[in-house]
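Before any comments, here is the structure.
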Amino acid sequence: AASVSRLSERVVRVMGMNPGPMTLTGTNTYLVGSGKKRILIDTGEGNEKYIPNLVSAMKVHQCEALQMIILTHYHHDHIGGVHSVLKTFGDDIPVYKMTKNQDEVDAEMMMVEEMKKAAAQKQAQKQKREQYQQQQQVQNNPTNHPTKNNERKTNSNSTECLADFKTIPNGMIFETDGATLEAVYTPGHTSDHMALLLKEEKSIFSGDCVLGTGTTVVGDLPSYMKSLNRLLDLDAKTLYPGHGPVVHRPGDKIREYINHRNKRESQILDFLKAGSGTSLDIVKGVYKGLSEKLHPAAERNVIQHLLKLKDEGRATEKQGTWRLVTSSSSL
Numbered sequence: 097a098a099s100v101s102r103l104s105e106r107v108v109r110v111m112g113m114n115p116g117p118m119t120l121t122g123t124n125t126y127l128v129g130s131g132k133k134r135i136l137i138d139t140g141e142g143n144e145k146y147i148p149n150l151v152s153a154m155k156v157h158q159c160e161a162l163q164m165i166i167l168t169h170y171h172h173d174h175i176g177g178v179h180s181v182l183k184t185f186g187d188d189i190p191v192y193k194m195t196k197n198q199d200e201v202d203a204e205m206m207m208v209e210e211m212k213k214a215a216a217q218k219q220a221q222k223q224k225r226e227q228y229q230q231q232q233q234v235q236n237n238p239t240n241h242p243t244k245n246n247e248r249k250t251n252s253n254s255t256e257c258l259a260d261f262k263t264i265p266n267g268m269i270f271e272t273d274g275a276t277l278e279a280v281y282t283p284g285h286t287s288d289h290m291a292l293l294l295k296e297e298k299s300i301f302s303g304d305c306v307l308g309t310g311t312t313v314v315g316d317l318p319s320y321m322k323s324l325n326r327l328l329d330l331d332a333k334t335l336y337p338g339h340g341p342v343v344h345r346p347g348d349k350i351r352e353y354i355n356h357r358n359k360r361e362s363q364i365l366d367f368l369k370a371g372s373g374t375s376l377d378i379v380k381g382v383y384k385g386l387s388e389k390l391h392p393a394a395e396r397n398v399i400q401h402l403l404k405l406k407d408e409g410r411a412t413e414k415q416g417t418w419r420l421v422t423s424s425s426s427l
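To get the numbering used here, take the position in the sequence shown, counting from 1, and add 96.
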C-alpha cells in the first residue's frame, strides 16, 4: 500500500510504517475532514518513519493542524504513536478513547510476551544454524573468514498508559470541517474497542473489529459477535479498516466474518467429538499450515470459542484439557 492515499474527499489514509505478521501492511491511520484542521484516527505504534509520513500527508493535502486524535482501542500499534504526534503537533491536542479493562490489558501483555519469546527462540535457532554454516565454511576454506553479524537494534516500545485521554461515551459526535463522526461501541476485539461512523459518506472506520483482509484476534467472543451485527445494521457503503485495504462491500465482509466464526466453532466441535485436547492441541488440529509464531493469537481465539461452549454447557475443562459434555457426563 502507498504510504499516503486519498480515499475520498474527506479521508486520507496515512500508513503507520509498521508492516508485520499481525499488522499486515501496517496500521492504517486516517486524516478526516476537508479543512485546515482535521481529525486523526489512530497513531500507529510509534515507528520513527510515521511522523515524517504524517507531516508529508498533511502538507500535500493542505492540512495545517490536528483538531483532535481519536483512538479506536488501546493496542500498541494504534496508540504507540500518540506521544510523538503530540510532541510534533502540540501537547494541547485532545486525545479521545473509550476506557479499558485492566485485567484484559494484563492478559494481552502476556500473549505479546509469549509471541516475543517464540520469535526469539526461532531467531536463536536461525543464528545457531548460520554459525554452524560459517564454521563449516572456515574449516573447508581457512582463508575465508566469516563476516561479523551486526546485532539488530530493536525499538522496544512498551504500551504506555494514557492518563490524559478523554473518555468517549457510545454515540458521541465529533465534528470537523467537512466531516461528522459518531462513536459506535464495538467491544470484542478489546473491551474498549470503538468504530466510527462517518455520516456524510455512511462509511465506517472499523479499527480492528473488521480488517481489510484476513481475520482478527478476539478477546470476548459473545461481545464480538454482537459488535459485528451492530456494524452490519449500520448498512455502510464503505469500510476503512485498521489494517488492510478499503472494503467496498462492508455487508459482505461482515457476514463473511460472522460465518467464519461460526465455521471455526464447528471445526472445534468436530475436533472435540474425535477426542479431548488442550487449546494448543486444537490450534494445531484446526489451523492447518499456520505459522508457529501466530499460534498464541490463534490460541486466544480458540479459548474464546471454548469459553463460549463452556458457558453454553457444551464443553468442559479439567487441568487444561477440554472435552465435550456428553449426556452421561452431565448427569
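We put the CB at the ideal spot given by N, CA and C, even for glycine.
Everything numeric in this text was worked out from a predicted model, so none of it was measured.
Evaluate contact between the stretch 360-373 and the stretch 415-423, counting only Cβ atoms and requiring at least three cross-stretch pairs below 8 Å.
Touching, yes, given that three or more Cβ pairs across the two stretches are closer than 8 Å.
Quick one, which of Leu103, Leu120, Ser99 has its alpha-carbon nearest Asp304's?
Within the sequence shown, residue 304 is the residue found at index 208, counting from 1. Nearest C-alpha to Asp304: Leu120.
Sort Tyr146, Glu144, Leu136, Cys159 by Cα distance to Pro190 and report the nearest one.
The residue labelled residue 190 in the question sits at position 94 within the sequence shown. Considering only alpha carbons, the answer is Leu136.
Whose C-alpha, out of Val313, Gly142, Leu294, is nearest the C-alpha of Asp173?
Numbered from its first residue, the sequence shown carries residue 173 at position 77. The shortest C-alpha separation from Asp173 is found at Gly142.
For Ile175, name the three-state secondary structure that DSSP assigns.
Here the question's residue 175 lines up with position 79 in the sequence shown. Ile175: helix per DSSP, three-state reduction.
Euclidean distance between Cα positions of Lys349 and Arg410
Numbered from its first residue, the sequence shown carries residue 349 at position 253. Numbered from its first residue, the sequence shown carries residue 410 at position 314. C-alpha of Lys349 to C-alpha of Arg410: approximately 29 Å in a straight line.
Contact between the stretch 381-394 and the stretch 343-359 is defined here as three or more beta-carbon pairs at a separation below 8 Å; is this criterion met?
The stretch 381-394 vs the stretch 343-359: no contact.
Jot down the residue ranges of each uninterrupted beta strand (DSSP E) in the stretch 285-372, minimum 3 residues, whole runs only, in chain order.
Here the runs fully enclosed are 290-294, 299-303, 334-337.
With distances taken between CB atoms, is the gap from Leu307 to Leu292 smaller than 7 Å?
Position 211 of the sequence shown, counted from the start, is the residue given in the question as residue 307. Position 196 of the sequence shown, counted from the start, is the residue given in the question as residue 292. Remark: C-beta atoms of Leu307 and Leu292 do not approach each other more closely than 7 Å.
Which whole-angstrom value is the C-beta distance of Glu81 and Leu376, which I expect to be below 8 Å?
The structure shown does not extend to residue 81, since the chain is modelled only from 97 through 427, so no value can be given for it.
Pull up the CB-CB distance for Gly122 and Gly112, whole angstroms please, since I reckon it's below 8 Å.
Your numbering for residue 122 matches position 26 in the sequence shown. Your numbering for residue 112 matches position 16 in the sequence shown. Contact holds; Cβ gap of about 5 Å.
Does the beta-carbon of Ala275 have 16 or more other beta-carbons within 10 angstroms, so that it is buried, or is it exposed?
Here the question's residue 275 lines up with position 179 in the sequence shown. Around the beta carbon of Ala275, a 10 Å sphere encloses 16 or more other beta carbons of the protein chains shown; the residue is thus reported as buried.
Along the beta strand (DSSP E) that carries Gln415, what are the first and last residues, could you check?
The residue labelled residue 415 in the question sits at position 319 within the sequence shown. Going by DSSP, Gln415 is part of no beta strand (DSSP E) at all; its letter is neither H nor E.
Pro265, buried or exposed, once every other Cβ within 10 Å from all chains shown has been counted against 16
For the purposes of this step, residue 265 is identified with residue 169 of the sequence shown, where counting begins at 1. With a threshold of 16 other beta carbon atoms within 10 Å, Pro265 falls short and is exposed.
Determine the DSSP secondary structure at Ala275, reduced to helix, strand or coil.
Here residue 275 corresponds to residue number 179 of the sequence shown, with the count starting at 1. Assigned with DSSP and collapsed to three states, Ala275 falls in strand.
For a test of the three-state rule: what should DSSP assign to Ser130, helix, strand or coil?
Looking up residue 130 in the sequence shown gives position 34. If DSSP states are grouped into helix, strand and coil, Ser130 belongs with coil.
Using only the alpha-carbon positions, how far apart do Val379 and Val314 sit?
Position 283 of the sequence shown, counting from 1, holds the residue named residue 379. Position 218 of the sequence shown, counting from 1, holds the residue named residue 314. A straight-line Cα-Cα distance of about 14 Å links Val379 and Val314.
Where the alpha helix (DSSP H) containing Ala394 begins and where it ends
The residue labelled residue 394 in the question sits at position 298 within the sequence shown. For Ala394, the enclosing alpha helix (DSSP H) starts and ends at 391-407.
With a CB to CB cut of under 7 Å and the five nearest residues on each side skipped, what residues in its chain are close to Pro283?
On the sequence shown, residue 283 is found 187 positions in, with the first residue counted as 1. The residues are His289, Asp316, Ser319, Ser323.
Helix, strand or coil at Tyr383 [DSSP, three-state]
In the sequence shown, the residue the question calls residue 383 occupies position 287. In the three-state DSSP reduction, Tyr383 falls in the coil class, being neither helix nor strand.
In whole angstroms, give me the CA-to-CA distance for His401 and Arg357.
What you label residue 401 is simply residue 305 of the sequence shown in a count that begins at 1. What you label residue 357 is simply residue 261 of the sequence shown in a count that begins at 1. Here the C-alpha atom of His401 lies approximately 9 Å from the C-alpha atom of Arg357.
Under the three-state reduction of DSSP, which class applies to Cys257: helix, strand or coil?
To locate residue 257, count along the sequence shown from 1; it is residue 161. Note that Cys257 has pLDDT 46, beneath the 50 cutoff, so the model's placement of it is unreliable and the number below is only indicative. Cys257: coil per DSSP, three-state reduction.
Whole angstroms are fine: how far does the CA of Ile269 sit from the CA of Tyr192?
By one-based count along the sequence shown, residue 192 stands at place 96. By one-based count along the sequence shown, residue 269 stands at place 173. Whole-angstrom Cα-Cα distance: 12 Å.
Could you tell me the boundaries of the beta strand (DSSP E) in which Leu162 lies?
Here residue 162 is taken as the residue at index 66 of the sequence shown, counted from 1. Note, Leu162: beta strand (DSSP E), 161-166.
As assigned by DSSP and simplified to three states, the class of Ser104:
As a position in the sequence shown, residue 104 is number 8, starting the count at 1. In the three-state DSSP reduction, Ser104 falls in the coil class, being neither helix nor strand.
Roughly how many angstroms lie between the CA atoms of Met164 and Lys414, to the nearest whole one?
Sequence index remark: in the sequence shown, residue 164 carries index 68 (1-based). Sequence index remark: in the sequence shown, residue 414 carries index 318 (1-based). One Cα belongs to Met164, the other to Lys414, and the distance between them is close to 49 Å.
Is DSSP giving Thr123 helix, strand or coil here?
Stepping through the sequence shown from its first residue, residue 123 is reached at position 27. Per DSSP, reduced to three states, the secondary structure at Thr123 is strand.
For Asp138, count neighbouring Cβ atoms within 10 angstroms of its own Cβ and tell me buried if that reaches 16, exposed if not.
Translated into positions along the sequence shown, residue 138 becomes position 42. Buried: at least 16 other Cβ atoms inside 10 Å.
Using the Cβ count rule (16 or more neighbours within 10 Å means buried), how would you classify Ser287?
Against the sequence shown, residue 287 aligns to sequence position 191. When all chains shown are included, Ser287 counts as buried.
Using three-state DSSP, classify Gly112 as helix, strand or coil.
Along the sequence shown, one-based indexing puts residue 112 at 16. Here Gly112 sits in coil by DSSP.
Could you tell me which residues DSSP puts in a beta bridge with Leu150?
For the purposes of this step, residue 150 is taken as the residue at position 54 of the sequence shown. DSSP output for Leu150 lists no bridge partner at all.
Ile189 in three-state terms, based on DSSP:
Translated into the one-based positions of the sequence shown, residue 189 becomes position 93. Coil.
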